[in-house]
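Just so we're aligned: 305 in our numbering is position 194 of the sequence shown, and the numbers increase by one with no gaps anywhere. C-beta: ideal position from N, C-alpha, C; glycine also. Nothing here was measured: the structure is a model prediction, and the numbers come from that model.
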Amino acid sequence: MFVDQVKVHLRAGKGGNGIVSFRHEKYVAYGGPFGGDGGDGGDVIFEADPGMTTLLDLRYHRKILATDGEKGKNKRMHGANGEDKIVKVPLGTIVKNAETGHILADLTQPHQQQIVAKGGRGGRGNCHFKSSRNTAPKYAEDGFPGQEFDAIVELRTLADVGLVGFPSVGKSTFLDAVSRAKPEIGDYPFTTIAPNVGVVQTKDGRSFVMADLPGLIEGASDGKGLGHQFLRHIERCRVIIHVIDMGGEEGRNPIDDYRIINEELKSYNLRLLERPQIVVANKMDLDQSQANLEAFKQAYPDVEVFETTTIIHEGLQPVLCRAADLLQTTPPFPIVEETNEDVGVTYTFEEKKKDYTIEQIGDGLWSVYGPKIDRVFDIKKLNTEEDFYLFANRLRYLGIDNALREAGCQDGDTVQLGGFEFEFIEN
């Protein structure tokens, strides 16, 4: 089964907690804090595996979790780091954030690796909090959570040349004739239901990778037919070979075929038309082929047309040589964000999300919430005097107390944070 798009949930490992410990050794006076740091959480890493051709494995493993870091140990010993989770995917795979659409990884080289979800940092042990004012701190830092989000994993076939055209125009026969690939060939529409890839070599020794894509129909860019599922695979191709049934065997007009397919390529992605295109007039052995070819050349006088009959391997070498020549002068087309329009890249300003928000929800009642609050404060661990001391210091360090004053919070007002309520007291 060919699977080229999967949605998965990624969660990097959480950092281990630091610990509270003190040095207790004979003849060592005032040993002091001796708690070690927690280990860092493991990362989620995607790796390009040349031996894979589909994302089928991810279809049955939708949750990808890295290992958490271990907590710190006595004698300032560092907890073990969490084990990274390496996910192997085929060459040409793209990983995107499902919420924002931002591309996190574009894997085009064999065994290339990319960290997609970063593990959390381990918490510091109490030895880091010793000061002249507090020589025996009884608190340590918790580990930070790793990144967690949904991701879209897409496979975009890594090929130099892509074959496009209506169903049953001879694309699979073309690939079968010029390479060792063995695509399914039949006299019915949509014989090809998944991209087929083969290595092609010209008579002068040049070689490149060619992909046969499922046939397109009018409206493919809007979701009609099978081809719309595989239009993304053309994005990596540097040269497009447009195969046309010049004999009109399926009852279509070759002139309309050429126009409709190019409109679909344009509708899907404007940059697809920037690629050089080779037009192949196939099935030239049919009765109406010459007449249709003359009409086509009158309609498109500036288009270079190569005449072929793929079923008997006639006229193929000029097409391959032309494709090899174009590949020598055509640079790769980078994969860009789907939100980028026109020829260039469109830069849009996106306001950074606030670490926390202060909101007055009543008379003398304030609420503090946000991603930073959830990540830094664990109200359930406020058990000792040192815990409250550290909590107050973090409020000052993050500027929350000053922000409350600027928002209008007065002495004696109530502040809600993390499901608990506190009284705001001016020093």
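- Nearest in C-alpha terms to residue 477, of all of 469, 375 and 506, is 469.
- Shown here, residue 130 sits in coil according to DSSP, grouped into three states, outside any helix or strand.
- Residue pairing from DSSP places residue 418 in a beta bridge opposite 392.
- Straight-line spacing of the CA atoms in residue 314 and residue 259 works out to 52 Å.
- In the three-state reduction of the DSSP assignment, residue 411 falls in the coil class.
- Secondary structure note for residue 217: its beta strand (DSSP E) is the uninterrupted segment 214 to 218.
- Residues 119, 120 and 122 of the same chain have their beta carbon placed closer than 8 Å to that of residue 174, with the five preceding and five following residues left out of the count.
- Our two residues, residue 262 and residue 167, have alpha carbons roughly 16 Å apart in a direct line.
- Per the DSSP secondary-structure output, residue 120 pairs in a beta bridge with 174 and 261.
- A direct Cα-to-Cα measurement between residue 358 and residue 393 gives close to 8 Å.
- Short of 6 Å from the beta carbon of residue 227, and not among the five residues preceding or following it, lie these beta carbons of its own chain, in chain order: 155, 157, 206, 215 and 216.
- In this structure, DSSP gives residue 536 a state outside helix and strand, which the three-state scheme calls coil.
- Around the beta carbon of residue 306, a 10 Å sphere encloses 16 or more other beta carbons of the protein chains shown; the residue is thus reported as buried.
- For residue 158, the enclosing beta strand (DSSP E) begins and ends at 155 to 159.
- For residue 347 against residue 203, the beta-carbon gap comes to about 6 Å, under 8 Å, which counts as contact.
- Here residue 136 carries a coil assignment [DSSP, helix/strand/coil].
- The beta carbons of residue 255 and residue 125 sit closer together than 9 Å.
- Assignment of residue 525 by DSSP, reduced to helix, strand and coil, places it in the strand class.
- Counting along the chain, the unbroken beta strand (DSSP E) around residue 208 starts and ends at 204 to 208.
- Looking at 288, 413 and 183, the one whose alpha-carbon comes closest to that of residue 236 is 183.
- Exclusion of the five residues before and after residue 366 leaves 406, 407 and 410 as the residues of its chain whose Cβ lies within less than 7 Å of its Cβ.
- Under the three-state reduction of DSSP output, residue 185 falls in the coil class, being neither helix nor strand.
- Residue 533 and residue 238 have their C-alpha atoms roughly 29 Å apart.
- Membership of residue 351 in the beta strand (DSSP E) is indicated by the continuous run 350 to 356.
- Taking a cut-off of 8 Å on C-beta distances, the segment 125 to 136 does not touch the segment 270 to 281, as fewer than three cross pairs fall below it.
- The alpha-carbon separation between residue 142 and residue 246 amounts to approximately 10 Å.
- Straight-line spacing of the CA atoms in residue 379 and residue 181 works out to 48 Å.
- Relative to the Cα of residue 128, the nearest Cα in the group 423, 136, 149 and 117 belongs to 149.
- Around the beta carbon of residue 265, a 10 Å sphere encloses 16 or more other beta carbons of the protein chains shown; the residue is thus reported as buried.
- Assigned with DSSP and collapsed to three states, residue 144 falls in strand.
- Under the three-state reduction of DSSP output, residue 250 falls in the coil class, being neither helix nor strand.
- CA-CA distance, residue 395 to residue 420, rounds to 6 Å.
- Take residue 248, set aside five residues on each side of it, and the residues of its chain with a beta-carbon closer than 7 Å to its own are 144, 237, 240, 241 and 497, in chain order.
- For residue 467, no alpha helix (DSSP H) encloses it, and the DSSP letter there is neither H nor E.
- Spanning the alpha carbons of residue 412 and residue 324 requires a straight line of approximately 27 Å.
- Relative to residue 529, the option among 270, 505 and 479 whose CA is nearest is 479.
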